[in-house]
């Protein structure tokens, strides 16, 4: 029996809704953003609309990555994967189906983020909200979620325990870029600075809610995404269940 990608995606997305995981993730994303919006509107801080988007992405991107990864971890940890990945075609379809789930989740989070920014802007939060920023924000969310989802997927395929994978993703999205930022500020080496600025592990968490990426960063991002997808597909075909 061949896995039907459409049915698999529909079933698991409905599970995200029924179990409340998607709702909890969105609340976690909106909480900091709404709080900073309140402080801005009450005059307690001079932050702008970009700070709202940054606070939305702070936890939002982590939860958006963990949603689709939950299904992969569930299937591998419970050994259900042995019933699903019983042929090369099913292994391929399973990977693609979970990538589609990650894509849908990224679009949901991007859409909610845009609505949040439009509403807070109308309420009086200062700062420009240009179409280029909204398009860049959407593209950044899409690329970040898929890239870090595939990164987590690779770690699971290589035998990392779920706790370690979640810890690595949390550190990567919330803390690691701050360390690189400190290195960047103190570095006088142009080559090192360019490497850090164009490293997806740095520019995605830093830029996702702030500005569109440069052309080079988008090119690197798409290339990284393709490489990660190819690695996941290849490893999935060879992994012993």
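Numbering (this note's numbering), first residue to last: 2 to 242. Glycine residues also receive a C-beta, built at the ideal position from the N, C-alpha and C atoms. For clarity, every value in this text was computed on a predicted model and none was experimentally measured.
Beta-carbon gap between residue i and residue j smaller than 8 Å
i           : j           : result
residue 60  : residue 126 : no
residue 182 : residue 207 : yes
residue 136 : residue 50  : no
residue 218 : residue 89  : no
residue 69  : residue 111 : no
residue 101 : residue 10  : yes
residue 159 : residue 210 : no
residue 214 : residue 223 : no
residue 57  : residue 114 : yes
residue 37  : residue 52  : yes
residue 157 : residue 74  : yes
residue 23  : residue 31  : no
residue 143 : residue 107 : yes
residue 72  : residue 13  : yes
residue 34  : residue 117 : yes
Buried or exposed by the 16-neighbour rule on C-beta atoms within 10 Å, applied to residue i
i           : result
residue 109 : buried
residue 201 : buried
residue 154 : buried
residue 227 : exposed
residue 76  : buried
residue 162 : exposed
residue 242 : With a pLDDT of only 49 at residue 242, under 50, the local geometry of the prediction cannot be trusted, and no value is derived from it.
residue 86  : buried
residue 180 : exposed
residue 189 : exposed
residue 225 : buried
residue 134 : buried
residue 54  : buried
residue 4   : buried
residue 121 : buried
residue 229 : buried
residue 233 : buried
residue 119 : exposed
residue 166 : buried
residue 84  : exposed
residue 44  : exposed
residue 82  : buried
residue 21  : exposed
residue 193 : exposed
residue 26  : buried
residue 15  : exposed
*asked:* Tell me whether the stretch 90-98 and the stretch 190-199 touch, counting them as touching only if at least three CB pairs, one residue from each stretch, are closer than 8 Å.
replied: At 8 Å Cβ cutoff, the stretches do not touch.
*Would you check if the stretch 61-80 and the stretch 137-157 touch, i.e. whether three or more CB-CB distances between them fall below 8 Å?*
The stretch 137-157 vs the stretch 61-80: in contact.
*Completely contained beta strand (DSSP E) runs for the stretch 51-121, where each covers 3 or more residues*: Counting only runs that start and end inside the stretch 51-121, there is no beta strand (DSSP E) element of at least 3 residues.
*Give, in chain order, every unbroken run of the alpha helix (DSSP H) that is at least 4 residues long and sits entirely within the stretch 183-218.*
You should have 191-198, 201-208.
_To test your reading of the DSSP string, which unbroken alpha helix (DSSP H) runs of 4 or more residues are found completely within the stretch 123-184?_
Segments of the alpha helix (DSSP H) lying fully in the stretch 123-184: 132-158, 163-172.
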